[in-house]
Amino acid sequence: MMERVNFPRLAETCYFERLENGLPIYVAVKPEFEKSYAFFATSYGGMDMRFQLDGKWEDTPAGVAHYLEHKMFDMPDGNALMQLSASGASPNAFTSSALTAYHFECTRHFESNLRLLLTFVSTPYFTQESVNKEQGIIGQEIGMIEDNPGWQLFHLLLEGLYDHHPLRVSVAGSQESISHITAETLEHCHRAFYHPGNMVLCIAGDVDPEQVSAIARMVLPAQAREQAAKDHGAPETMNAAHFHLSRAMEVSTSDFLLGFKAEPHEAGKNALRMELIGELAGELFCGTSSAVYQKLYDEGLINKTFGVGYDNYPGAAFLLMGGETDNPSKVVDLLLEEGERIRQQGISDEAFLRCKRACYGSRVRSLNSFEHCCVQLAKGEFKGYHYYHFPEVFDSITKDDVEQFLNRVLTKERAAFAEILPKTHGKDQL
Amino acid sequence: MQDVSRIELSPGVGLTCIQTKKFKSSFWSLRLILPLKKETAAFNAVLPRVLRRGTVHYPTMEQLSAALDELYGGVIEPTVTKRGEVQSFGFVATFLDDGLVPDDLPLLDRAARMMGDLLLRPATKNGRLRNDYVVSERKNLMDDIRSSVNDKRQYARQRLTEEMCAGEAYGVDRLGDLSSAKKIGVVKLTQHYRQVLSTARVEAYYCGSADPKRVEQAWREALMELPRSNERCELSTDWRKTAGDEVRRVTEHLDVTQGKLVMGFRTGCTLNSMGYPAMVVANAIFGGLPTSKLFQNVRERLSLCYYASSVTDKHKGLLFVQSGMKFEDFEQAETEILAQLEAVREGDFSESDLQAAKDAVSSTFRTILDSQSAQEDYWLSQAVSELKLTPQEISSALEHVTREDAMRSASQWKLDTVYYLKGLEQPAVETAQVEIAEEEVQA
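Chains A and B are the protein sequences, given in the same order.
According to the working numbering, the first sequence is numbered sequentially starting from 286.
According to the working numbering, the second sequence is numbered sequentially starting from 575.
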């Protein structure tokens, strides 16, 4: 039976059950909505290149998790993406550094669509011929993302922050790395990570939770499998690997990111606490109501594209901020200066309470998005907490928590600065 | 259940109110609705950005942001849109829904007041808008206009529109152009602001859990000081222009690695036409979906394009085919796109293709009800077209479209202009960049 839990502060009801095969299922019930959304994810992403299978360590090429995601849609009787589209659903998939997810949204035939989703993700069907054919398609995709300034900028930042953490490696890999991928590689990765105990199923919509768990029981293997161990290398020090990395591209305005390395998260409920502290710290440091944001905007150094956030992965966490500017170095100097000031002077009670309200409100509002609900529930499951407990975790955070975080993190040793500058053409310099 | 009410708050001021408990937030908008014109488009585009810098109460962005943070991280953003030959500008906002506010202090009245203040009580100096705000937002606007060249897909569509509708207001971009943006100054902008405030049609919107009576009251109070003159801006979209006998072809060269081909058709059919549902279905069969003919044939079967899709403008009665490909494939791609259109016209699609297209578009309309911003967008279009059809009504009309309706609709689409974006083959400098470079020298 699925267990029903009410979250009155969020006006949400969420059902949960862990099947005998180890699969956790979350169903966020959304009355009156036309659409339903299903999200089936594995705790396996671009950074999990080295892992143990059947007692043996395997090293796989960069980009294999993403490659596998592309090939999962192949079924003995056709392409699952086309089958879902033909029944009116909008299916898609993505691979991030720590997670691969398959999802669809639909207004009709939810149950048969769900059956198809669970079936194709749990069916490895790779022929060498189709794996080879994919090289060209993924090669083109790699070319396109390498041309994307936002992607380049983020990767420069990761290279600046980290010395050897696998986060530095592109999720899609390179033209060269993917050329080593075979049907056998994909089959090994699927066996290591695509078993119910390493996955999570999250549903949002006006659906019957018992039907969801019945379908999952029917389609997925009944037996639990052992978790595959992953190796992400030796822990990183807290110092950034490089302070400044720069690249020229075809853009009209320069763009920058400044990152500060933070302590990796512990597993369990504390992980959510650390995430919320990091987010609050970022807002207090240079969010839209901060003094430094106002100063930079007034001086025309930043525009509306400026933003701040906090990101975390297994073995890595960091604060990052940036946007378009005509003078990246000057903005970075002013931000570092402000960081020092905050470390000396701390933050006011008033600002702390105000930002806490703002971050809380924004988290609650985000639950409008079915995708957001499911992604957060899935990430929480992999890290060891139920995401819908965030209001109580927010309550427990004090100004002292945030000040300690800022004091630790906002130092030049932990900082990395990445920028994309416009290519200078002869005629533009006239 | 959700209830939609549309009322007139005062002459030329409409309120659309949707009461629902589905969402975690309340969603708001306040827009001035004006004719799209080359001379005023940039002025209208810069105004909400200048107004968003500060009010009498909260003269700086820092103070405004702090006040919004206090309201559980409310967000108010400037917005500018183009609907056919109508431009609208103002603010869209989202707040935590009153049902979920922890300390039981409803946000409703405070949110409405902030929206009203932003439009009606800006920070001023010597009776004018603040010069420093005007200067800095003019720069931001000009940067945005210039950066339109960064996204080549969008840029190609915009250039086709400019060429195809050169003599029509529709050719003007929603942000205006650099030459009129350069004319923005504090005196002229303040004058313009006062004038549009009293003459433009105004549309207010709310979607959330509050009682519509309370919403109406909150908006009335917030807009109490809105000046109203008897003169009202005329709004209309000239959509009847049919394509000329000869197709116009425009080629441009930029430093790009992938070519873009955009084709502009006149459909003669708008939201107000009887044939609108048939056009939506025909477009879905032709190029509006991943299961459409364009995607299936031009991209998947022939691998001619990296992308190929079609989209309609329901206000102006146009249809655009957008695609990206290798330079040497232009001719073949164009031939194939037209062949696919011919196939739709001749009814060369299966019953299940038709049904899949109808299911997909009717589902799109029904899911509008699942998003507050999609509903705002939907009701703005309805208001601009002076219609009151619900998404459910359109959704069921779509389900009644027949094969013959769709064929007939596609037969009426007439190719007007084709735009090619190619790479730099020879040293010949492309016109677009030269114009921009000159503007920069003068600015």
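We put the CB at the ideal spot given by N, CA and C, even for glycine.
Candidates the options: closest to residue i by CA position
i         : options                                       : result
A:Phe-324 : A:Ala-701, A:Asp-516 and A:Phe-389            : A:Phe-389
B:Thr-831 : A:Met-429, A:Arg-453 and A:Leu-401            : A:Met-429
A:His-234 : A:Leu-399, A:Leu-403, A:Ser-382 and A:Gly-424 : Coverage of chain A is limited to positions 286 through 715, which leaves residue 234 of chain A absent and any answer about it impossible.
B:Phe-663 : B:Leu-693, B:Met-635, B:Ala-984 and B:Glu-790 : B:Leu-693
B:Glu-613 : B:Val-885, B:Val-824 and B:Gln-661            : B:Gln-661
A:Phe-591 : A:Phe-603, A:Asn-597 and A:Thr-573            : A:Thr-573
A:Glu-677 : A:Gly-585, A:Asn-555, A:Glu-623 and A:Asn-653 : A:Asn-555
B:Glu-826 : B:Glu-737, B:Phe-601 and B:Ala-616            : B:Glu-737
A:Leu-695 : A:Lys-668, A:Tyr-672, A:Gly-373 and A:Gly-567 : A:Gly-567
A:Ser-407 : A:Cys-640, A:Tyr-387 and A:Thr-709            : A:Tyr-387
Residue i versus residue j: straight-line alpha-carbon distance, rounded
i          : j         : result
B:Gly-891  : B:Thr-811 : 10 Å
B:Ala-852  : A:Asp-634 : 60 Å
B:Leu-972  : B:Thr-964 : 13 Å
A:Glu-495  : A:Tyr-479 : 23 Å
A:Arg-650  : B:Lys-598 : 5 Å
A:Glu-625  : A:Glu-548 : 19 Å
A:Leu-557  : A:His-657 : 15 Å
A:Ala-552  : B:Leu-642 : 34 Å
A:Tyr-447  : A:Pro-506 : 39 Å
B:Phe-894  : B:Phe-860 : 11 Å
A:Glu-288  : B:Arg-802 : 58 Å
B:Pro-652  : B:Ser-983 : 37 Å
B:Leu-878  : B:Ile-911 : 10 Å
A:Phe-603  : B:Phe-923 : 53 Å
B:Val-1003 : B:Asp-725 : Its pLDDT being 40, under 50, B:Val-1003 is placed unreliably in this model, and the value from its coordinates should be taken loosely. Rounded to whole angstroms, B:Val-1003 to B:Asp-725 spans 20 Å at the Cα level.
B:Val-1015 : A:Phe-318 : Low local confidence applies: a pLDDT of 34 at B:Val-1015 is under 50, so the model's placement there is unreliable, with the coordinate-based value given in what follows. Rounded to the nearest angstrom, the two C-alpha atoms are 54 Å apart.
B:Pro-633  : B:Glu-644 : 16 Å
A:His-529  : B:Arg-657 : 45 Å
B:Val-624  : A:Gly-608 : 20 Å
A:Arg-400  : B:Pro-864 : 22 Å
B:Ser-926  : B:Leu-989 : 28 Å
A:Cys-644  : B:Thr-590 : 29 Å
Contacts around residue i, its chain only, beta-carbon distance under 6 Å, and the 5 residues preceding and following it disregarded
i          : result
A:Pro-409  : Glu-472 and His-475
B:Val-1008 : Bear in mind that the predicted position of B:Val-1008 carries a pLDDT of just 35, short of 50, making it unreliable; the figure below should be weighed with that in mind. None.
B:Cys-946  : The question names Cys, but residue 946 of chain B is Gln in the sequence shown. Phe-597, Phe-601 and Cys-781, listed in sequence order.
7 Å CB neighbourhood of residue i in its chain, flanking five on each side removed
i         : result
A:Ala-468 : Phe-411, Thr-412, Gln-413 and Val-416
A:Leu-486 : Leu-308, Ile-310, Phe-325 and Ala-501
A:Thr-380 : Gly-330, Gly-331, Ala-350, His-351, Glu-354 and Val-456
A:Ala-365 : Phe-358, Leu-401 and Phe-405
Pair within 9 Å by beta-carbon distance, residue i and residue j
i         : j         : result
A:Glu-666 : A:Gly-600 : no
A:Leu-662 : A:Cys-299 : yes
B:Thr-991 : B:Gly-750 : no
A:Asp-734 : A:Pro-613 : Summary: the structure shown does not reach residue 734 of chain A, with chain A confined to residues 286 through 715, and so no result is reported for it.
A:Val-577 : A:Leu-619 : yes
A:Gly-435 : A:Gly-348 : no
B:Glu-799 : B:Val-587 : no
B:Tyr-993 : B:Val-872 : no
B:Lys-996 : B:Phe-869 : no
A:Ala-525 : A:Arg-699 : yes
A:Ser-575 : B:Glu-636 : yes
Range of the contiguous alpha helix (DSSP H) that encloses residue i
i         : result
A:Cys-640 : 634 to 651
A:Lys-615 : 613 to 630
B:Tyr-880 : Element bounds for B:Tyr-880: not the alpha helix (DSSP H) but the beta strand (DSSP E), 879 to 887.
B:Leu-863 : Unbroken run through B:Leu-863: none, as it is neither H nor E.
Proximal residues to residue i (C-beta, below 8 Å), its chain only, five neighbours per side dropped
i         : result
A:Phe-395 : Ser-321, Ala-323, Gly-490 and Val-492
A:Gln-508 : Asn-306
B:Ala-858 : Ser-866, Ala-931, Lys-932, Ala-934 and Val-935
A:His-449 : Gly-518, Ala-519 and Glu-521
A:Ser-537 : Pro-707
A:His-465 : Pro-346
A:Gly-711 : In this prediction, A:Gly-711 has a pLDDT of 45, which is less than 50 and means its spatial position is unreliable; nothing more can be read from the coordinates.
B:His-889 : Arg-657, Gly-658, Glu-659, Val-660, Thr-811, Trp-813, Thr-844, Leu-845, Ser-955, Val-958 and Ser-959
Contacts of residue i in chain C (Cβ-Cβ under 7 Å)
i         : result
A:Arg-642 : Although the question refers to chain C, the structure presented lacks it and instead comprises the protein chains A and B.
The beta strand (DSSP E) enclosing residue i, as first and last residue numbers
i         : result
B:Cys-591 : 587 to 593
B:Pro-851 : It is not in any beta strand (DSSP E) - B:Pro-851 instead sits in the alpha helix (DSSP H) that spans 850 to 857.
A:Met-503 : First-last for A:Met-503: 494 to 504, but that is the alpha helix (DSSP H), not the beta strand (DSSP E).
A:Ile-466 : First-last for A:Ile-466: undefined, no H or E at that position.
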